[in-house]
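Residue numbers for the sequence shown follow my numbering, so the first one is 9 and each next one is one higher. Have a look at the structure below before the remarks.
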Amino acid sequence: MKRSGLVWLSLALLLIVAAVLSLSLGAAPIDPMDVALALLSRLPGLSGLDPGLTSGQHVVIFELRLPRLALALLVGAALSVAGVVMQAFFQNPMAAPSIIGISSGASFGATVAVVSGAGIGVAGLGAVPVAAFAGALLATAVVYLLSRRGGSTPVGVLLLTGVAMGSLMSALAALVLITGQDPTRRDLDQVVYWMLGSVAGRTWTHVLVVLPYVAIAGGFTWAFGRDLNVLSLGDDTAHYLGLNVEQVRLMLLALSSLLTAAAVAVSGVVGFVGLVVPHLMRIIVGPDHRTLLPASALAGAALVVLADVVARTVAAPTEIPVGIITSLLGAPFFLYLLHRRREYAI
9 MKRSGLVWLS
19 LALLLIVAAV
29 LSLSLGAAPI
39 DPMDVALALL
49 SRLPGLSGLD
59 PGLTSGQHVV
69 IFELRLPRLA
79 LALLVGAALS
89 VAGVVMQAFF
99 QNPMAAPSII
109 GISSGASFGA
119 TVAVVSGAGI
129 GVAGLGAVPV
139 AAFAGALLAT
149 AVVYLLSRRG
159 GSTPVGVLLL
169 TGVAMGSLMS
179 ALAALVLITG
189 QDPTRRDLDQ
199 VVYWMLGSVA
209 GRTWTHVLVV
219 LPYVAIAGGF
229 TWAFGRDLNV
239 LSLGDDTAHY
249 LGLNVEQVRL
259 MLLALSSLLT
269 AAAVAVSGVV
279 GFVGLVVPHL
289 MRIIVGPDHR
299 TLLPASALAG
309 AALVVLADVV
319 ARTVAAPTEI
329 PVGIITSLLG
339 APFFLYLLHR
349 RREYAI
């Protein structure tokens, strides 16, 4: 088997294992084989495979854990693809949505939508991604404009600008929450989810709201695979090869912001996924974005699902926000990169 085939098979198996664990483990453990049979029994002509689970177990699998799994898959894929785009966009490997303030910008936009009442209720769910997108786009544009130095983006300037932007957006989100008109307890709970990152309590409605954003933005991003390859060579080379650099940058800016906003709108700030996954996948599959993008999407989806499994089992029955788990994994990796690559040191 060719190495590329082995990589894709490994990613597929990792994703399947992560999904089975997600549906099986929790406050009410269910045998993985029973879970598999219950899922297969929903297919036409396979109803005889139903393992005879109780109605409560069916509710746990199909109404509680399955939408949570689907949302974790979408969030992980969106953040990882956004991370790949950010690293090509800024032409340096330290860029990621959570590091350069984009996630905080999306969180600020989502907070405004919720506290203002625009994002409350089922009908208001669609307004939250739009507001989060506006916040993410604003943060990305400001960081990009302030970080550019002579046609390039120095890593030190990028990190400092991103940290400042993230702090500013987080402070604004807290200010809006505190000074908002009659903030309810539900408002506070939702904003806490966005601050810490969680997919707990999410339903099929949340999945259906975010799915179009991730699917459309992800599809368009994959179509830019060749342009991302050219852009990674530098602006001068890209211009020489006939690429409209500014137009492509604007499109990538919008797509990465939309992917980040979609994830943040339903799960909050799940940090470091967009940094860790693109790095690891670039080592495994190489720098070709036509391969790197789908590989990162699969790996990122598996990572968030596994992190969510850990989040709800390591301190059961208490659930830890998944953003804490990814930060515990990603922050040391980030420090390792800074130590390993001395030229990134500030």
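By construction, the Cβ of each residue, glycine as well, lies at the ideal position given by its N, Cα and C atoms.
Pairing Ala36 with Ser115 gives a Cβ-Cβ distance that is not under 7 Å. In the DSSP assignment, Asn237 falls within the alpha helix (DSSP H) that extends over 233 to 239. Annotation: Val165 to Leu154 spans about 8 Å, alpha carbon to alpha carbon.
Contact between Ser111 and Gly227 is absent: CB atoms are separated by about 22 Å, not below the 8 Å threshold.
Between Arg234 and Leu79, the CB-CB gap reaches or exceeds 7 Å. Assignment of Ser32 by DSSP, reduced to helix, strand and coil, places it in the helix class.
Straight across, the Cα-Cα distance linking Val330 with Ile69 is about 20 Å. Setting aside the 5 residues that flank it on each side, Pro295 has no residue in the same chain whose C-beta is closer than 6 Å to its C-beta.
Straight-line measurement puts the Cα of Leu61 at about 13 Å from the Cα of Ser55.
Looking only at Val15, Ser12, Ala118, the smallest Cα-Cα distance to Ala271 is reached by Ala118. Close CB contacts of Trp212 within its chain, under the 6 Å cut and outside five residues either way in sequence, are with Pro75 (chain order). When only Cα atoms are considered, Gly34 and Val138 end up about 33 Å apart. Per the coordinates, the alpha-carbon of Gly13 lies some 21 Å from the alpha-carbon of Val92.
Within the model, the alpha-carbon separation for Gly242 versus Tyr248 is close to 10 Å. The beta carbon of Pro101 is closer than 6 Å to those of Gln95 in its chain, skipping five residues each way along the sequence. Burial of Gly170 is indicated by the presence of at least 16 other C-beta atoms within 10 angstroms of its C-beta. Following the DSSP letters along the chain, one finds Ile292 inside the alpha helix (DSSP H) bounded by residues 281 to 293.
By the Cβ-count criterion, Val317 is buried, with 16 or more other Cβ atoms from all chains shown falling within 10 Å of its own Cβ.
Between Ser49 and Asp58 the beta-carbon gap is near 4 Å, inside 8 Å, which marks them as a contact. For Glu71, no alpha helix (DSSP H) segment is defined, and its DSSP state is neither H nor E. In this structure, the CA atom of Gly125 is about 15 Å from the CA atom of Ala273. The three-state reading of DSSP puts Thr268 in helix, counting H, G and I together.
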